[in-house]
Amino acid sequence: MSETPKIRVRNLKKAFGRKVVLDGLDVDVGVSESLVVIGGSGTGKSVLIKCILGILKPDEGSIQIDGEEVVGMPARERERVNRKFGMLFQGGALFDSLPVWENVGFGLIAAKHATRPKAKEIAIAKLAQVGLGPEVADLFPSELSGGMQKRVALARAIAADPEIIFFDEPTTGLDPIMADVINDLIVKITGEVGATGLSITHDMASARKIADRIAMLYQGRIIWAGPTGEIDRSGNPYVEQFIHGRAEGPIKMAVQV
Amino acid sequence: MKLLQIIGRVFIAFLATTGRLAIFAVSALSHCVRPPFYPRIILRQMIEVGYFSLPVVGLTAVFAGMVMALQTYTGTSRFSAESAVANIVVLALTRELGPVLAGLMVAGRVGAAMAAEIGTMRVTEQIDALTTLSTNPMKYMVAPRIMAGILMLPIMVFIADIIGVFGGYIVGVYSLGFNPSNYLQSTWDFLEVEDVVSGLVKAAAFGFIVTLMGCFHGYQSRGGAQGVGAATTNAVVSASILILSFDYVLTEMFFAK
Ligand SMILES: Nc1ncnc2c1ncn2[C@@H]1O[C@H](COP(=O)(O)OP(=O)(O)O)[C@@H](O)[C@H]1O
Ligand SMILES: [Mg+2]
Numbered sequence: 001m002s003e004t005p006k007i008r009v010r011n012l013k014k015a016f017g018r019k020v021v022l023d024g025l026d027v028d029v030g031v032s033e034s035l036v037v038i039g040g041s042g043t044g045k046s047v048l049i050k051c052i053l054g055i056l057k058p059d060e061g062s063i064q065i066d067g068e069e070v071v072g073m074p075a076r077e078r079e080r081v082n083r084k085f086g087m088l089f090q091g092g093a094l095f096d097s098l099p100v101w102e103n104v105g106f107g108l109i110a111a112k113h114a115t116r117p118k119a120k121e122i123a124i125a126k127l128a129q130v131g132l133g134p135e136v137a138d139l140f141p142s143e144l145s146g147g148m149q150k151r152v153a154l155a156r157a158i159a160a161d162p163e164i165i166f167f168d169e170p171t172t173g174l175d176p177i178m179a180d181v182i183n184d185l186i187v188k189i190t191g192e193v194g195a196t197g198l199s200i201t202h203d204m205a206s207a208r209k210i211a212d213r214i215a216m217l218y219q220g221r222i223i224w225a226g227p228t229g230e231i232d233r234s235g236n237p238y239v240e241q242f243i244h245g246r247a248e249g250p251i252k253m254a255v256q257v
Numbered sequence: 258m259k260l261l262q263i264i265g266r267v268f269i270a271f272l273a274t275t276g277r278l279a280i281f282a283v284s285a286l287s288h289c290v291r292p293p294f295y296p297r298i299i300l301r302q303m304i305e306v307g308y309f310s311l312p313v314v315g316l317t318a319v320f321a322g323m324v325m326a327l328q329t330y331t332g333t334s335r336f337s338a339e340s341a342v343a344n345i346v347v348l349a350l351t352r353e354l355g356p357v358l359a360g361l362m363v364a365g366r367v368g369a370a371m372a373a374e375i376g377t378m379r380v381t382e383q384i385d386a387l388t389t390l391s392t393n394p395m396k397y398m399v400a401p402r403i404m405a406g407i408l409m410l411p412i413m414v415f416i417a418d419i420i421g422v423f424g425g426y427i428v429g430v431y432s433l434g435f436n437p438s439n440y441l442q443s444t445w446d447f448l449e450v451e452d453v454v455s456g457l458v459k460a461a462a463f464g465f466i467v468t469l470m471g472c473f474h475g476y477q478s479r480g481g482a483q484g485v486g487a488a489t490t491n492a493v494v495s496a497s498i499l500i501l502s503f504d505y506v507l508t509e510m511f512f513a514k
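Residue numbers (the working numbering), protein chains in the order written: chain W, 1 to 257; chain A, 258 to 514.
Laid out in structure tokens, this is it:
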């Protein structure tokens, strides 16, 4: 790869107390590429994304966004880099005290990119992009079904036209049909704006659908990475076991954590 | 050996929490004085802390005033000093009972609610979501609540003082047979500015303690509904203990003058 990757992670380490979660992880995400990181529950997929977003502070290692080192960056600079990001949280993480449109327009108002009326206008446009009508705008998140909440969260993630969008288990907790609808939306939206995507999931159907490239996280490192088409001939016993969902194999589920 | 280990562990945990709390408090206060401010949220919190707590605080104050009048009458009548009742009631209320009772009531009502709300936002990743939307959660969530606490408690205590004196007056006049105008006269005559001001300073300190504890425990909470429950309890208990101990410290400071 000659051009600078959008995201470049090197030797990333993160432990909570004595529990090592990320142990020297390396990963690259190219411009306009969609990388999906797969791995079992509790392997540190969310921790990886939170380190890149700056929500968690890595113990060691380097994270570069567009070639710019963000580990140890001063807060103000960091905020500027963070404006490139959009994030879809695992549980949606919608603000339940605010109506849907204010959720979607929150980042725009906060970054002073738009006044409140303008933000509402943009919010309604973004809601339309994820297939929700303007009548949803004035409802509260608690009044929506799980699938609709995911869509609103997706609209919020893309509201500020981010260059890089993170998806944390976008299909978890949805029925297979709704999951597929969300997958289609993710493909459509990242394609439309040419955004770079970093998703994490343990749902293989979702991974196959949205990924250009897949990487597998196991014991704090990326143990395999390759184009989506090659995942079935990875020749890696860990990947084989994971994609076929077998209990028997080299991966031992930690029953005691 | 086991026992020493346990004592050591508890002591270290205590020191660690104290340190975290101190950092949290300094950071929260510094965000109170640095822009951007969120006037909408500050206003909402002021209404939440002040207006909605008034009934409870007023009710507590009126009964405190009534019981103070009865008890001081019992005491003073033993050495024929009944004329001091009105004076003692107003001193006790402005210097002690007003701020302490209001502080404890608000700890139960507002501190608990803040811990529960912020704790829920923490475990549902809403606080992380704020960070990704160009918003500092300390500034957006914590600073407005702390400002509301520091500003509203003195106002409430001032009202509580008046209501409490009124309670004492009712008992004094209708049950103990004081002359109405004499009672009010002696309430007023011996009251000094410092009595009221020291009570209001205490109130501001307690307002800070209650909101700080609510925010801190909510912010630190981990692990789902159970974690939020624990945060709520801890917020109320620690705020109550701190109110009573700081009450002594502040009284000592005012006493020395
Ligand atoms: N803030 C935190 N404090 C302590 N431990 C954490 C924290 N966040 C995550 N962990 C631990 O890190 C491990 C990986 O978590 P996570 O990244 O959420 O897994 P997943 O791959 O399912 O997203 C888990 O065992 C979790 O308990
Ligand atoms: Mg996760």
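Ideal Cβ positions, reconstructed from N, Cα and C, are used throughout, including at glycine.
Taking Cβ positions only, does residue i come closer than 8 Å to chain W?
i, result
"GLU382 of chain A", "yes"
"LEU390 of chain A", "yes"
"ALA386 of chain A", "yes"
Using a Cβ-based criterion (distance less than 7 Å to any ligand heavy atom), does residue i qualify as near ligand 2?
i, result
"ASP286 of chain W", "Nothing can be reported for residue 286 of chain W: it is not among the residues displayed for chain W, which extend from 1 to 257."
"GLN383 of chain A", "no"
"GLN241 of chain W", "no"
"GLN90 of chain W", "yes"
Who are the neighbours of residue i on chain D, taking C-beta pairs under 8 Å?
i, result
"GLU79 of chain W", "Annotation note: the requested chain D is absent from the structure, which comprises protein chains W and A."
Check the Cβ-Cβ distances between residue i and every residue of chain A, and say whether any is below 8 Å.
i, result
"ILE186 of chain W", "no"
"GLN256 of chain W", "At GLN256 of chain W, the pLDDT of 47 sits below 50, so the modelled position is not reliable; the number obtained from the coordinates is stated separately. Chain A, which has no Cβ nearer than 8 Å to the Cβ of GLN256 of chain W, makes this no."
"ILE63 of chain W", "no"
"ALA110 of chain W", "yes"
"LEU285 of chain W", "Residue 285 of chain W is absent from the structure shown; chain W starts at 1 and stops at 257."
"GLN90 of chain W", "yes"
"ASN82 of chain W", "yes"
"GLY44 of chain W", "no"
"ALA93 of chain W", "yes"
"GLY72 of chain W", "no"
"PHE140 of chain W", "no"
"LEU53 of chain W", "yes"
"PHE106 of chain W", "yes"
"TYR238 of chain W", "no"
"GLY245 of chain W", "no"
"MET87 of chain W", "yes"
Does the beta-carbon of residue i, which I'm using as the reference point, lie nearer than 7 Å to any heavy atom of ligand 1?
i, result
"LYS45 of chain W", "yes"
"VAL21 of chain W", "yes"
"SER41 of chain W", "yes"
"PHE473 of chain A", "no"
"PHE16 of chain W", "yes"
Per DSSP, which one or two residues make a beta bridge with residue i?
i, result
"ILE420 of chain A", "Its beta-bridge partners do not exist; DSSP assigns none."
"TYR588 of chain A", "Residue numbering for chain A in the displayed model covers 258 to 514; residue 588 of chain A lies beyond these limits and cannot be assessed."
"ARG221 of chain W", "W:TYR218"
"PRO411 of chain A", "According to DSSP, which records beta bridges pairwise, PRO411 of chain A is partnered with nothing at all."
"VAL36 of chain W", "W:SER199 and W:ILE214"
"MET87 of chain W", "W:PHE166"
"ARG8 of chain W", "W:ASP28 and W:GLN64"
message: Does the structure place the stretch 95-114 of chain W close enough to the stretch 191-203 of chain W that three or more beta carbon pairs sit under 8 Å?
response: no
- prompt: For the stretch 426-443 of chain A against the stretch 303-311 of chain A, are there 3 or more C-beta pairs whose distance is under 8 Å?
  reply: no
task: Would you be able to state if there are at least three C-beta pairs under 8 Å between the stretch 76-86 of chain W and the stretch 276-283 of chain A?
output: no
- prompt: Taking one C-beta from the stretch 4-12 of chain W and one from the stretch 179-194 of chain W each time, how about it: are there three or more such pairs within less than 8 Å?
  reply: no
field: the stretch 346-353 of chain A contacting the stretch 111-128 of chain W, beta-carbon criterion three pairs below 8 Å
entry: no
- prompt: Quick check: the stretch 291-304 of chain A against the stretch 398-406 of chain A, are there 3 or more CB pairs under 8 Å?
  reply: yes
message: Would you call the stretch 47-64 of chain W in contact with the stretch 231-246 of chain W, where contact means no fewer than 3 C-beta pairs closer than 8 Å?
response: no
message: Tell me whether the stretch 381-401 of chain A and the stretch 330-343 of chain A touch, counting them as touching only if at least three CB pairs, one residue from each stretch, are closer than 8 Å.
response: no
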